[in-house]
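Colleague:
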Amino acid sequence: METKLKRIAEVAKAKPNERFTSLAHLVNEKMLVECHYEMDEKKAPGVDKVTKGEYEKNLMSNIQDLVGRMKRNAYKPQPVRRTYIPKQDKGKMRPLGIPGYEDKLVQAAIAKILIAIYEADFLNCSYGFRPGRSCHQALRELNYIIEKRKTRYVVEADIKGFFDHVDHKWMMKFVAHRIADPNIQRIIKN
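Residue numbers (our numbering): 653 to 842.
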């Protein structure tokens, strides 16, 4: 799996206008098993109430069934369980969506593929949610810039509720820019 992801990353970097024609063939049993073992067992279950431990009892048959459903386009994500957790300030609540266990596995697998594709497009100064990058590294870089370079001002912004209000059709078009997968194209058209 690692070799395939490296090859995708190499193509994405060498050919920035390249469109990837399929993602589904990259999601296989080996990748989903790898994602399963990377999953945190302390994560809350979704609407299906399935935990990592319960899924693991019949891991290979569960994974084979999941891959089979994905290959024949019969896989359907479950609704996300919405819960609210308290914020630290002023007693407000923050919404939190908790997907079902299989959806977490599929999301993790697709995320690995998308990271391989889009990592080549990011600037070196971008830190958010990238592999091998952390908020501590970003803060060190920011500290260096403020202390060692000429700085006139610093702007800090929080995009409140961004993903609750993002235009999902626009976001899908953005993703489809590099991915010509017919399944993704079908989602965009609908």
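We put the CB at the ideal spot given by N, CA and C, even for glycine.
What is the DSSP secondary structure of Lys658, counted as helix, strand or coil?
Modeller: Taking the first residue of the sequence shown as 1, we reach residue 658 at position 6. Lys658: helix per DSSP, three-state reduction.
Colleague: Would you report the Cα separation of Cys687 and Asn680, rounded to the nearest angstrom?
Modeller: Within the sequence shown, numbered from 1, the residue matching residue 687 stands at position 35. Within the sequence shown, numbered from 1, the residue matching residue 680 stands at position 28. Roughly 11 Å between the two C-alpha positions.
Colleague: On the three-state DSSP scale, how would you describe Met824?
Modeller: Here residue 824 is taken as the residue at index 172 of the sequence shown, counted from 1. Met824 falls in the helix class under three-state DSSP.
Colleague: Would you identify the three-state DSSP class for Met745, choosing helix, strand or coil?
Modeller: Residue numbering aside, residue 745 sits at position 93 when the sequence shown is read from its first letter. The answer is strand: DSSP assigns Met745 an E or B state.
Colleague: By the DSSP assignment, the beta strand (DSSP E) with Tyr736 in it spans what residues?
Modeller: For this step, residue 736 is matched to residue 84 along the sequence shown. Looking at the DSSP string, the run of the beta strand (DSSP E) that includes Tyr736 is Arg733 to Pro738.
Colleague: Given this structure, state the Cα-to-Cα distance separating Thr917 from Gly749, to the nearest angstrom.
Modeller: Given that the chain is displayed from residue 653 to residue 842, the structure contains no residue 917 and the question cannot be resolved.
Colleague: I want to see whether chain B comes within less than 7 Å of Asn795, judged by CB atoms only; does it?
Modeller: The structure shown has no chain B; it contains just one protein chain.
Colleague: Going by C-alpha distance, which of Ser674, Asn710, Arg733 and Arg724 is nearest Val699?
Modeller: If you number the sequence shown from 1, residue 699 lands on position 47. Measuring from the Cα of Val699, the nearest candidate turns out to be Arg733.
Colleague: Is it the case that the segment 658-673 contacts the segment 755-774, given that we only count it when at least three CB pairs across the two stretches are under 8 Å?
Modeller: yes
Colleague: Got a sec? Which residues, its chain only, sit under 7 Å from Arg721 by beta carbon, not counting five neighbours each side?
Modeller: Numbered from 1 along the sequence shown, position 69 holds the residue referred to as residue 721. So the list reads Tyr727, once near-sequence residues are dropped.
Colleague: Check whether the segment 707-714 touches the segment 669-680, counting contact only when three or more Cβ pairs, one atom from each stretch, lie closer than 8 Å.
Modeller: no
Colleague: Can you tell me whether DSSP reads Phe814 as helix, strand or coil?
Modeller: Here residue 814 refers to the residue found at position 162 of the sequence shown. Phe814: helix per DSSP, three-state reduction.
Colleague: Kindly identify the DSSP beta-bridge partner or partners of Ile750.
Modeller: Against the sequence shown, residue 750 aligns to sequence position 98. As a beta-bridge residue in DSSP terms, Ile750 pairs with Arg733.
Colleague: Are the CB atoms of Ile690 and Lys704 nearer to each other than 7 Å?
Modeller: Residue numbering aside, residue 690 sits at position 38 when the sequence shown is read from its first letter. Residue numbering aside, residue 704 sits at position 52 when the sequence shown is read from its first letter. Before going on, a small fix: residue 690 reads as Glu here, not Ile. Contact flag unset, no.
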